[in-house]
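Peer 1: This is the structure I have questions about; it appears just below.
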Amino acid sequence: MNVADSERAATGLRKAGYELCESPEKADVVLVNTCSVRERAQQKASTRIGEVRAQQSGDQKLLVGVMGCVAQLEGDSIFRRWPTVDMVIGTRATDRIPALIEEALSGKRHVSDLGERAENESWDVSPFERHSAHVAFVPIIEGCNKFCSFCIVPYSRGREQSRSASEIIAEVIKLKSLGYKEIHLIGQNVNSYRPRSDSALEHFAGATPFCRLLRAVAATGVPRIKFTTSFPRDFHPDIVSAVEENLNLCDWVHLPVQSGSDRILKLMRRGHKRTDYLERVDRIKKSRRRLALTSDIIVGFPGETEKDFQQTVDLVEQCKYDGLYIIKYSKRPGTPAANLSDDVSEEEKTARFLELERIQRHAQQAVYEAYIGRTISVLAERESSRSKSDLVGHSTCHKVVNFPGRDSIEGEIVEVLVTEAKANSLYGVMVNSLEMA
Ligand code: SAM
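Here the sequence shown is numbered in the numbering used here, starting from -6 and rising by one per residue.
Below, the structure written as structure tokens:
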């Protein structure tokens, strides 16, 4: 979501006549886009602001702005905490950045905007500003209404607001005509999608508006569609049916569980129990397409006992995830969980993190090794950072795949025979290059 916000900010700035440069030394304005999901991300932003000012040359007149979640949460107190900051730009003010810069340039000392999005705001992102020429992020829903007790997102990004389906479809059709091969429909909880009108979905069936949107986006014929993140409580089995019916809906589901203990899930206010989650996983695993499954887990939530943790271990072993983000609980001021005693020691959090990582690595190895000898479709995204003779891309099931290839095929979808499984990636050879040899 932060990448998508930066792309939008850059689009608006360029439209207003600003140039984007590569380094802060050459800049007149530096915007630091921030995340507040974990304390570490917030600390990183703080360090970055300090670095930008420290690198500033003596005669450089530099405006520094903080945008994103930290800006929205901390508002004008940022000016006291970091006196060298000139602008505070909230999560819904991305489109107004050029006007805010003008205000600061006109001599106003502290400029801030924590307001709402304007009606009919443009979500346009110029292809020039996209993070990739082949993969595009398309936000479909912003904010969150779930209020999980640990999570800051409902406060930093506000309530759920869905984009209209007609706007989303128009954007996907445009991206397809520009040659994008892979679209990621993104949002905190994509499957909670609930637009105000039916427009553009009239001809698409589905148990929920999100299922209808999936089918409508699939009908555009764009080669690959991925969607993330899905919220377990809102995960309707019809999502799997839509993926089974449409091969361009990719074979990957990211479904964060957070814990395997009902007691902790209740304290987290997740709105789902372990068995509810496992029912959804069962539907995913029984799909007639093999669907990759990934998840997020928080270890060391307040009050998590060894018994609770072992229930999480058990769930992870049962789910056989293709990938897992394990995160140590981080207390976020203002959330309900921040009132609970953060009583799992840092050492215990680390020990649980490492144990779960070890279990996942073992399970993941088996999942990855099962790909050896199989041919999978890979979007050749760019040169590998490890070897100039290799390209790297993602499979439809969202595995990182490296293979020998020239940059002339970048942006193409190629068939790769998997020959090796590494810890977090696959290695293989292009099938057509084998045929030519
Ligand atoms: N809405 C999705 C869900 O919960 O199903 C995920 C969005 S959330 C912003 C991304 C991930 O950040 C969560 O799945 C969770 O694992 C992690 N996260 C959020 N708040 C956290 C906290 N206070 N401490 C540690 N991890 C956290």
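Beta carbons are placed, not taken as given, at the ideal position from N, Cα and C, and that holds for glycine.
Report the three-state DSSP secondary structure of Asp315 (helix, strand or coil).
Peer 2: Position 322 of the sequence shown, counted from the first residue, corresponds to residue 315. Here Asp315 sits in coil by DSSP.
Peer 1: Applying the 10 Å Cβ sphere with the 16-neighbour rule, what's the burial state of Asp301?
Peer 2: Within the sequence shown, residue 301 is the residue found at index 308, counting from 1. Under this definition Asp301 is a buried residue.
Peer 1: Please list the terminal residues of the continuous beta strand (DSSP E) segment that includes Ser370.
Peer 2: Residue 370 sits at position 377 when you count from the first residue of the sequence shown. Per DSSP, Ser370 belongs to the beta strand (DSSP E) from Thr368 to Glu376.
Peer 1: On a CA-only basis, which of Gly366, Arg351, Arg375 and Ser382 is nearest Ala416? Give me that one, please.
Peer 2: For the purposes of this step, residue 416 is taken as the residue at position 423 of the sequence shown. Looking at the Cα atoms, Arg351 is the closest of the given residues.
Peer 1: Going by the CB atoms, is the gap between Asp106 and Ile71 shorter than 8 Å?
Peer 2: Translated into the one-based positions of the sequence shown, residue 71 becomes position 78. Translated into the one-based positions of the sequence shown, residue 106 becomes position 113. Contact: no.
Peer 1: Mark Gly58 as exposed unless 16 or more other C-beta atoms lie within 10 angstroms of its C-beta, in which case mark it buried.
Peer 2: Here residue 58 is taken as the residue at index 65 of the sequence shown, counted from 1. Gly58 comes out buried.
Peer 1: Under a three-way DSSP split, which group does Glu287 fall into?
Peer 2: By 1-based counting over the sequence shown, the position of residue 287 is 294. According to the sequence shown, residue 287 is Thr rather than Glu. Three-state result, Thr287: strand.
Peer 1: Under 7 Å Cβ to Cβ from Arg281, same chain only, skipping five residues before and after it: list those, please.
Peer 2: Position 288 of the sequence shown, counted from the first residue, corresponds to residue 281. Glu237, listed in sequence order.
Peer 1: Quick one, which of Ala3, Glu96, Val118 and Ser142 has its alpha-carbon nearest Leu333's?
Peer 2: Here residue 333 is taken as the residue at index 340 of the sequence shown, counted from 1. Selected option, being the one with the closest Cα: Ser142.
Peer 1: As an exercise, report each continuous alpha helix (DSSP H) stretch of at least 4 residues that is fully enclosed by the segment 7 to 74, in chain order.
Peer 2: The segment 7 to 74 contains these whole alpha helix (DSSP H) runs: 32 to 48, 62 to 67 and 70 to 74.
Peer 1: In chain order, what residues of the same chain lie with their CB nearer than 6 Å to the CB of Arg392, ignoring the 5 residues before and after it?
Peer 2: Mapped onto the sequence shown, residue 392 falls at position 399. Checking the sequence shown, residue 392 turns out to be Lys, not Arg. For Lys392, where only same-chain residues beyond five positions count, the Cβ hits under 6 Å are Leu419.
Peer 1: Are there 16 or more other CB atoms within 10 angstroms of the CB of Cys14, so buried, or fewer, so exposed?
Peer 2: Against the sequence shown, residue 14 aligns to sequence position 21. Cys14 comes out exposed.
Peer 1: What are the boundary residues of the alpha helix (DSSP H) that includes Pro147?
Peer 2: Residue mapping note: residue 147 aligns to position 154 of the sequence shown, counting from 1. Val146 to Ser149 is the span of the alpha helix (DSSP H), which, as asked, contains Pro147.
Peer 1: Around the C-beta of Ser171, are 16 or more other C-beta atoms found within 10 angstroms, so that it is buried, or is it exposed?
Peer 2: If you number the sequence shown from 1, residue 171 lands on position 178. The residue asked about is misnamed: residue 171 is Leu in this sequence, not Ser. So Leu171 counts as exposed.
Peer 1: Is any heavy atom of the ligand SAM found at a distance shorter than 7 Å from the C-beta of Asn182?
Peer 2: Taking the first residue of the sequence shown as position 1, residue 182 is located at position 189. Flag set: Cβ of Asn182 near the ligand SAM.
Peer 1: Looking only at C-alpha atoms, which of Tyr322, Asn182, Ser388 and Asp269 sits nearest to Tyr488?
Peer 2: What the structure shows of the chain is the stretch from -6 to 430, and residue 488 is not part of that stretch, so it cannot be assessed.
Peer 1: From the DSSP output, read off the bridge partner residues of Gln251.
Peer 2: For this step, residue 251 is matched to residue 258 along the sequence shown. Answer is Ile290, bridged to Gln251.
Peer 1: Would you say the beta carbon of Gln251 comes nearer than 7 Å to a heavy atom of the ligand SAM?
Peer 2: Position 258 of the sequence shown, counting from 1, holds the residue named residue 251. Under cutoff, so the answer is yes.
Peer 1: Determine the extent of the alpha helix (DSSP H) in which Thr412 is found, giving its start and end residues.
Peer 2: Counting from 1 along the sequence shown, the entry for residue 412 is found at position 419. Premise fails: Thr412 lies in the beta strand (DSSP E), Ile406 to Ala414, not in any alpha helix (DSSP H).
Peer 1: In whole angstroms, what is the alpha-carbon distance linking Ile179 and His124?
Peer 2: Looking up residue 179 in the sequence shown gives position 186. Looking up residue 124 in the sequence shown gives position 131. Distance between the alpha carbons of Ile179 and His124 is about 14 Å.
Peer 1: Using 8 Å for Cβ pairs, my map puts Ile479 next to Leu206. What's the rounded Cβ distance?
Peer 2: Residue 479 lies beyond the residue range present for the chain, which begins at -6 and ends at 430; the question has no answer from this structure.
Peer 1: Assign Phe197 to one of three DSSP states: helix, strand, or coil.
Peer 2: Here residue 197 is taken as the residue at index 204 of the sequence shown, counted from 1. Phe197: coil per DSSP, three-state reduction.
Peer 1: In chain order, what residues of the same chain lie with their CB nearer than 6 Å to the CB of Val424, ignoring the 5 residues before and after it?
Peer 2: Taking the first residue of the sequence shown as position 1, residue 424 is located at position 431. Excluding sequence neighbours, Val424 sits near Thr368, Glu408 and Leu410.
Peer 1: Quick test of your reading: Val(-4) and Phe121, contact by CB under 8 Å. State the CB separation rounded to the nearest angstrom.
Peer 2: Looking up residue -4 in the sequence shown gives position 3. Looking up residue 121 in the sequence shown gives position 128. Not confirmed; about 15 Å, so no contact.
Peer 1: Note the first and the last residue of the continuous alpha helix (DSSP H) segment covering Lys278.
Peer 2: Residue numbering aside, residue 278 sits at position 285 when the sequence shown is read from its first letter. Unbroken alpha helix (DSSP H) run through Lys278: Arg267 to Lys278.
Peer 1: Using a 10 Å radius around the Cβ and a threshold of 16 neighbouring Cβ atoms, would you call Tyr361 buried or exposed?
Peer 2: Here the question's residue 361 lines up with position 368 in the sequence shown. Classification for Tyr361: buried.
Peer 1: How far does the beta strand (DSSP E) with Lys219 in it reach, from first residue to last?
Peer 2: Here residue 219 refers to the residue found at position 226 when the sequence shown is read from its first residue. Counting along the chain, the beta strand (DSSP E) containing Lys219 begins and ends at Arg217 to Thr221.
Peer 1: At a cut-off of 7 Å, is Val30 close to the ligand SAM when judged by its beta-carbon and the heavy atoms of the ligand?
Peer 2: As a first step, residue 30 must be located in the sequence shown, where it is residue number 37. Flag set: Cβ of Val30 near the ligand SAM.
Peer 1: How long is the line joining the alpha carbons of Lys101 and Arg354, rounded to whole angstroms?
Peer 2: Your numbering for residue 101 matches position 108 in the sequence shown. Your numbering for residue 354 matches position 361 in the sequence shown. Going by the C-alpha atoms only, they are around 53 Å apart.
Peer 1: Per the DSSP calculation, Ser388 is bridged to which residue(s)?
Peer 2: Indexing the sequence shown from 1 puts residue 388 at position 395. In DSSP, Ser388 forms a bridge with Val371.
Peer 1: Any heavy atom of the ligand SAM within a distance shorter than 7 Å of the CB on Cys312?
Peer 2: Here residue 312 refers to the residue found at position 319 of the sequence shown. Answer for Cys312: no, Cβ out of range of the ligand SAM.
Peer 1: So for Ile395, helix, strand or coil by DSSP?
Peer 2: By 1-based counting over the sequence shown, the position of residue 395 is 402. The question names Ile, but residue 395 is Asn in the sequence shown. Residue state, collapsed to three classes: strand.
Peer 1: Which residue marks the beginning of the beta strand (DSSP E) containing Tyr361, and which one marks its end?
Peer 2: Numbered from 1 along the sequence shown, position 368 holds the residue referred to as residue 361. No beta strand (DSSP E) contains Tyr361, which is instead part of the alpha helix (DSSP H) from Glu339 to Glu362.
Peer 1: Would the C-beta of Thr222 count as close to the ligand SAM, meaning under 7 Å from any of its heavy atoms?
Peer 2: Taking the sequence shown and counting its residues from 1, the one referred to as residue 222 is at position 229. Yes, Cβ of Thr222 sits closer than 7 Å to a heavy atom of the ligand SAM.
Peer 1: Within 10 angstroms of the Cβ of Gln311, are there 16 or more other Cβ atoms? Answer buried if so, exposed if not.
Peer 2: Numbered from 1 along the sequence shown, position 318 holds the residue referred to as residue 311. It is exposed - the Cβ of Gln311 has fewer than 16 other Cβ atoms within 10 Å.
Peer 1: Taking the C-alpha atoms as reference points, what is the distance between Asp79 and Glu44?
Peer 2: Here the question's residue 79 lines up with position 86 in the sequence shown. Here the question's residue 44 lines up with position 51 in the sequence shown. About 15 Å.
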